[in-house]
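Working notes, beginning with the structure itself.
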Ligand code: NAD
Ligand code: ZN
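Residue numbers (full-length UniProt numbering): 6 to 348.
Right under this line is the structure:
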């Protein structure tokens with residue numbers, strides 16, 4: 006089969022021929038239809054510090070996918086050949102305290118496909134049947150390919166009650182933009198998204214109705230707070246940039262007792278104004294991945310009930326043109342980039 010592989014410890018990914026994976030009794034084989042390129046894949050392409058210390062090679066990359074079940078392990082029940090599906094790319098064990106409590110996404114032994122285990126940038130992927138998410142017919146393949154990052158957005162956005170709240174999102178990357186769409190869908194009153202990249206803010210406006218984009222390189226958030234008539238600031242903050250200045254601005258722009266969900270990953274250790282957080286009595290929640298499987302359930306339900314994130318997909322390429330896809334991602338101007346594996 007064709008696969009996009011980190012074959013050697015240097016910048017780039019290479020299209021290789023790899024054997025079709027052999028499945029175990031609890032696994033299924035999925036023929037891949039489309040995949041999404043993630044920021045993580047860019048780190049692996051660039052072979053930065055994180056990637057070179059985390060990812061063994063050779064490694065088939067990729068973890069955002071949609072496909073269909075073509076082979077089923079002998080102990081698997083409840084799935085059939087031809088079932089269209091996506092799936093959770095975090096592979097977990099079942100003997101940690103968290104797993105045994107049903108909090109699978111908090112298992113400390115989690116391994117990621119495309120990072121620690123062979124991934125989804127291939128014509129075929131093997132996955133534990135437990136991780137498979139069957140897709141209803143009304144969710145198209147393009148959306149199926151980006152459910153993993155949409156799940157990050159949903160998990161973060163639903164960390165706190167948003168109904169009637171004023172919400173500030175820092176970072177209008179694909180995940181921040183999708184989180185804005187979710188906040189709108191969940192009934193927030195004002196949704197404000199910040200960035201310093203005007204193209205990203207334009208895209209955010211294009212994807213999400215009734216959004217107030219703010220270029221913090223040009224505009225002061227305090228002016229926006231006044232313009233919207235928010236007496237004391239935002240109720241909830243969703244940090245989606247990994248940028249320290251953005252987090253500082255968020256802490257300043259929140260009400261007393263405000264809440265922050267942190268998804269963005271700063272490049273290294275990042276100082277915070279700790280006492281400011283204490284005196285503002287702010288609640289902070291770190292968010293990793295998606296809840297298995299509550300986020301998947303809520304996400305599919307919202308997509309079937311009017312949540313529309315389709316316009317966040319700005320580019321689609323045949324997989325043979327993967328280099329153009331990665332270039333689009335690396336430009337910083339794209340939304341989600343999707344690769345088609347079924348010519
Ligand atoms: P992205 O890099 O495409 O988007 C980040 C955006 O933040 C960019 O548009 C950038 O211009 C903007 N930004 C930079 N400085 C800013 C500032 N001062 N104020 C406001 N915006 C600023 O990333 P993405 O794919 O949308 O992911 C969002 C973040 O979530 C990233 O940090 C990523 O590493 C992280 N992430 C975390 C998890 C997790 O499990 N915790 C999972 C996926 C992604
Ligand atoms: Zn991803």
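In this text, a Cβ means the ideal position worked out from N, Cα and C, and glycines have one as well.
The model shown is predicted, which means the values in this text are computed figures rather than measured ones.
Quick check on residue i: does DSSP put it in helix, strand or coil?
{"i": "residue 66", "result": "coil"}
{"i": "residue 113", "result": "coil"}
{"i": "residue 174", "result": "strand"}
{"i": "residue 126", "result": "coil"}
{"i": "residue 55", "result": "helix"}
{"i": "residue 254", "result": "helix"}
{"i": "residue 133", "result": "strand"}
{"i": "residue 309", "result": "coil"}
{"i": "residue 80", "result": "coil"}
{"i": "residue 349", "result": "In the structure as shown, the chain begins at 6 and stops at 348. Residue 349 is therefore absent and cannot be evaluated."}
{"i": "residue 153", "result": "helix"}
{"i": "residue 203", "result": "helix"}
{"i": "residue 140", "result": "coil"}
{"i": "residue 216", "result": "coil"}
{"i": "residue 344", "result": "strand"}
{"i": "residue 72", "result": "strand"}
{"i": "residue 159", "result": "helix"}
{"i": "residue 187", "result": "helix"}
{"i": "residue 60", "result": "coil"}
{"i": "residue 317", "result": "helix"}
State buried or exposed for residue i, treating a residue as buried only when at least 16 other CB atoms are found within 10 Å of its CB.
{"i": "residue 164", "result": "buried"}
{"i": "residue 261", "result": "exposed"}
{"i": "residue 82", "result": "exposed"}
{"i": "residue 67", "result": "buried"}
{"i": "residue 277", "result": "exposed"}
{"i": "residue 114", "result": "exposed"}
{"i": "residue 310", "result": "exposed"}
{"i": "residue 291", "result": "exposed"}
{"i": "residue 124", "result": "buried"}
{"i": "residue 233", "result": "exposed"}
{"i": "residue 356", "result": "Outside the modelled stretch of the chain, which goes from 6 to 348, sits residue 356, for which no answer is possible."}
{"i": "residue 274", "result": "exposed"}
{"i": "residue 61", "result": "exposed"}
{"i": "residue 195", "result": "buried"}
{"i": "residue 58", "result": "exposed"}
{"i": "residue 186", "result": "buried"}
{"i": "residue 223", "result": "exposed"}
{"i": "residue 178", "result": "buried"}
{"i": "residue 168", "result": "exposed"}
{"i": "residue 279", "result": "exposed"}
{"i": "residue 19", "result": "exposed"}
{"i": "residue 46", "result": "buried"}
{"i": "residue 157", "result": "buried"}
{"i": "residue 263", "result": "buried"}
{"i": "residue 129", "result": "buried"}
{"i": "residue 26", "result": "buried"}
Given a cut-off of 8 Å, decide if residue j and residue i are closer than it, judged by their beta-carbon atoms.
{"i": "residue 190", "j": "residue 295", "result": "no"}
{"i": "residue 252", "j": "residue 180", "result": "no"}
{"i": "residue 121", "j": "residue 93", "result": "no"}
{"i": "residue 324", "j": "residue 7", "result": "yes"}
{"i": "residue 239", "j": "residue 258", "result": "yes"}
{"i": "residue 78", "j": "residue 146", "result": "no"}
{"i": "residue 140", "j": "residue 149", "result": "yes"}
{"i": "residue 287", "j": "residue 256", "result": "yes"}
{"i": "residue 172", "j": "residue 243", "result": "yes"}
{"i": "residue 138", "j": "residue 85", "result": "no"}
{"i": "residue 344", "j": "residue 40", "result": "yes"}
{"i": "residue 245", "j": "residue 175", "result": "yes"}
{"i": "residue 304", "j": "residue 111", "result": "no"}
{"i": "residue 133", "j": "residue 96", "result": "yes"}
{"i": "residue 65", "j": "residue 126", "result": "yes"}
{"i": "residue 197", "j": "residue 217", "result": "yes"}
{"i": "residue 50", "j": "residue 16", "result": "yes"}
{"i": "residue 193", "j": "residue 170", "result": "yes"}
{"i": "residue 109", "j": "residue 297", "result": "yes"}
{"i": "residue 330", "j": "residue 342", "result": "yes"}
{"i": "residue 219", "j": "residue 229", "result": "yes"}
{"i": "residue 221", "j": "residue 254", "result": "yes"}
{"i": "residue 247", "j": "residue 270", "result": "yes"}
{"i": "residue 209", "j": "residue 188", "result": "no"}
Quick one: complete beta strand (DSSP E) runs, 3+ long, within the region 83 to 111?
-> 89 to 92
Uninterrupted alpha helix (DSSP H) stretches inside the region 256 to 306 (no shorter than 4 residues) | The region 256 to 306 is shown to contain whole alpha helix (DSSP H) runs of 4 or more residues at 279 to 284, in chain order.
Complete runs of the alpha helix (DSSP H) confined to the region 218 to 252 [at least 4 residues] | Complete alpha helix (DSSP H) runs here, min 4: 226 to 232.
Quick check: the region 332 to 340 against the region 202 to 218, are there 3 or more CB pairs under 8 Å?
-> yes
For the 8 Å Cβ check, are there 3 or more pairs between the region 68 to 75 and the region 21 to 36?
-> yes
Could you tell me which uninterrupted alpha helix (DSSP H) segments, each at least 4 residues in length, are contained entirely in the region 8 to 58, listed from first to last along the chain?
-> 44 to 51
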